[in-house]
Amino acid sequence: MRLSHLPLRVTIGVFFINSGLGKRGLEGEPAEGVHGMAAGAIPQLQKMKPDQFAQVLSASEIALGAALITPFVSPVLAGAGLTAFGAGLVQLYLKTPGLREPGSIKPTQAGVGIAKDIWLVGAGLTLLTDGIAERARKKARKAGKRVLEAVPGI
0 MRLSHLPLRV TIGVFFINSG LGKRGLEGEP AEGVHGMAAG AIPQLQKMKP
50 DQFAQVLSAS EIALGAALIT PFVSPVLAGA GLTAFGAGLV QLYLKTPGLR
100 EPGSIKPTQA GVGIAKDIWL VGAGLTLLTD GIAERARKKA RKAGKRVLEA
150 VPGI
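Encoded structure:
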C-alpha cells in the first residue's frame, strides 16, 4: 500500500466494515426494504430471499472494507472492488423512482443520500488507475535497467 493511499483506504475501509457489521443479522422488514430497493435496480437480485441478500450485502461490505485496510492488497484489486460496489450504488440511484428529479440526474431530497455515493466510484477509479500506472512504471524501470545492463561501459 502506498503511503499516499493510506488515508483514503483506511477511512473508506473502516466505513465499509462498520456498515457491514450494522447489517449483520438484518431480518424481516428491514431486510425486505434493503432487498426491495436493490432488486428494483438490479432485477437479478429478486431471485434472492431478503434475509439472504442482507447477509451477502453485509459480508460483501465487511470483505471490501477489510481489503481496503489490508496493506498487501494491491490498489488495483481494492480499487476494482470499490469501483464495482460504487457503480452498483450509482445504478441503484439512477433506477430507483423518486431519487432523481424528473428528466434529470439531479437528486431529490430523498436521493441525496445515495447520489453522494458517486465518490466511491471516484475513489475506486483513483486507486485502480494509480495501481495500473505504478505497475507500468515498475515494468518500464525494469526494461530500462535491462537495456542499460546490455550496453557495455554503462
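Going by numbering that gives the first Met the number 0, the first residue of the sequence shown is number 0, and it counts up by one from there.
Yeah, the Cβ is synthetic: ideal placement off N, Cα and C, and Gly gets one too.
Task: Three-pair Cβ contact test at 8 Å for the segment 67 to 78 versus the segment 18 to 31 - done: no
Task: DSSP three-state assignment for P106, whether helix, strand or coil - done: By 1-based counting over the sequence shown, the position of residue 106 is 107. Strand.
Task: Contact the segment 44 to 64 vs the segment 103 to 110: 3+ CB pairs below 8 Å - done: Proximity of the segment 44 to 64 to the segment 103 to 110 falls short of the contact definition, fewer than three beta-carbon pairs being nearer than 8 Å.
Task: Alpha-carbon to alpha-carbon, G85 and K115 - done: Taking the sequence shown and counting its residues from 1, the one referred to as residue 115 is at position 116. Taking the sequence shown and counting its residues from 1, the one referred to as residue 85 is at position 86. So the alpha carbons of these two residues sit roughly 10 Å apart.
Open item on the list: Suppose you measure from the CA of G78 to the CA of P101; what does that come to, to the nearest Å?
Closed with: Indexing the sequence shown from 1 puts residue 78 at position 79. Indexing the sequence shown from 1 puts residue 101 at position 102. Cα-Cα distance, rounded: 32 Å.
Task: Assigned exposure category for A37 - 16 Cβ within 10 Å defines buried - done: The residue you call residue 37 lines up with position 38 of the sequence shown. By the neighbour-count rule (16 or more Cβ atoms within 10 Å), A37 is buried.
Open item on the list: Let me confirm a value: E26 is counted as buried when at least 16 other C-beta atoms fall within 10 Å, else exposed. Which label applies?
Closed with: As a position in the sequence shown, residue 26 is number 27, starting the count at 1. When all chains shown are included, E26 counts as exposed.
TODO: Going by DSSP, name the residue or residues bridged to R99.
DONE: Numbered from its first residue, the sequence shown carries residue 99 at position 100. Looking at the DSSP assignment, R99 forms a beta bridge with P106.
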